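**Q** My questions all concern the structure below.
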Amino acid sequence: MAKESAAAGYAAALIELGQSTKTLEAIHKDVETLSGLIGNAELANFLASPVASDVQKKAVIKNLAADAGLNAYTANFLNVLVDKKRMNIVKEIAAVFEELYCDITDTQVAVVTSAVKLENSQQALIAKKLQSMTGAKNIKLKNVVDSSLIAGFIVKYGKDGSQLIDMSVKGQLDRLAQQFDLSDNALSAV
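Heads up: the sequence shown at position 5 corresponds to 4 in numbering that gives the first Met the number 0, and the numbers run straight through without jumps.
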């Protein structure tokens, strides 16, 4: 619980920093980049390691910031996390930051699972439809490929992906199979 509340506090501070310096969009891009970088277990373990010195961690952050083109505020924020011994919660901070950012910018996140990778024009059409359905100002799509869908797509959106639109062939076949199972049970009762 302490980890989550600490992450929430740091994420809120980063949001506030972005708003007050008019760099929220740049910091958001940096956090997305950082999330990808922290996905590298070796890097994440090094930055969270109590064995590695703060000087070593800050040198790595300086190189990362330069290579990835991170905003100076983001790089400084990471250095503060090093000083506060909180690099072990960067992933959690990024997740909370994303939630707060979406709330502030009225952005709805949707995961579109499709049988094949969707083209940009297809994603734009889905985003436009979701925007009209949800009333959200912005839609952020994440495309996941799952060939078991055969064709079509599934859209999960809303808080924690609570809303579902299943336009996949697999979904249609599953619904047909359920109807036949119900019919068989109804017939055997007669």
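Here a beta-carbon is modelled for each residue, glycine too, at the ideal position from N, C-alpha and C. It should be emphasised that the depicted structure is a prediction, and the values quoted were computed from it without experimental measurement.
Let me know the secondary structure DSSP gives K21 once reduced to three states.
**A** It is coil, neither helix nor strand.
**Q** For G170, collect the residues of the same chain with a Cβ closer than 8 Å to its Cβ; drop the 5 residues on either side in sequence, then sort them by chain order.
**A** Excluding sequence neighbours, G170 sits near L148, G151, I153.
**Q** Compute the Euclidean distance between the alpha carbons of L16 and S146, then round it to the nearest angstrom.
**A** About 42 Å.
**Q** What is the DSSP secondary structure of D165, counted as helix, strand or coil?
**A** D165: strand per DSSP, three-state reduction.
**Q** Which residue marks the beginning of the alpha helix (DSSP H) containing S120, and which one marks its end?
**A** Start and end: 119-133.
**Q** Considering just the uninterrupted stretch of the alpha helix (DSSP H) at K56, what are its terminal residues?
**A** It spans 53-67 - the alpha helix (DSSP H) in which K56 sits, taken as one unbroken run.
**Q** Using the three-state DSSP reduction, which class does K90 fall into: helix, strand or coil?
**A** Here K90 sits in helix by DSSP.
**Q** Closest to Q162 by CA distance: which of I14, D173, M132 is it?
**A** When each option's Cα is compared against that of Q162, the closest is M132.
**Q** Whole angstroms is fine: what's the gap from I26's alpha carbon to L129's?
**A** Going by the C-alpha atoms only, they are around 26 Å apart.
**Q** Apply the 10 Å Cβ neighbour rule to V54 and answer buried if 16 or more other Cβ atoms are within range, or exposed otherwise.
**A** The residue is exposed, with fewer than 16 neighbouring Cβ atoms inside 10 Å.
**Q** Thinking just about the alpha-carbon of each residue, which of S120, A114, K158, F76 is nearest to the one in D105?
**A** Cα-wise, what sits closest to D105 is K158.
**Q** By how many angstroms is the C-alpha of I138 removed from the C-alpha of S19?
**A** Spanning the two alpha carbons is a distance of roughly 24 Å.
**Q** Which same chain residues end up closer than 8 Å to V143 when comparing Cβ atoms and leaving out the 5 residues on each side of it in sequence?
**A** Same-chain partners within the cutoff: V110, V111, T112, S113.
**Q** So, with DSSP's three-state summary, where would you put I138?
**A** Reduced to three states, the DSSP call for I138 is strand.
**Q** Among V50, A47, Y9, which one has its Cα closest to the Cα of V30?
**A** Minimum Cα distance to V30 is reached at Y9.
**Q** Round the Cβ separation of Y72 and I14 to the nearest angstrom and send it over; I've been treating them as touching at under 8 Å.
**A** Actually they are not in contact, since the Cβ atoms of Y72 and I14 sit about 12 Å apart, beyond 8 Å.
**Q** What do you reckon, are the CB atoms on A67 and T22 nearer than 8 Å?
**A** Against a cut-off of 8 Å, the Cβ pair of T22 and A67 comes out as no contact.
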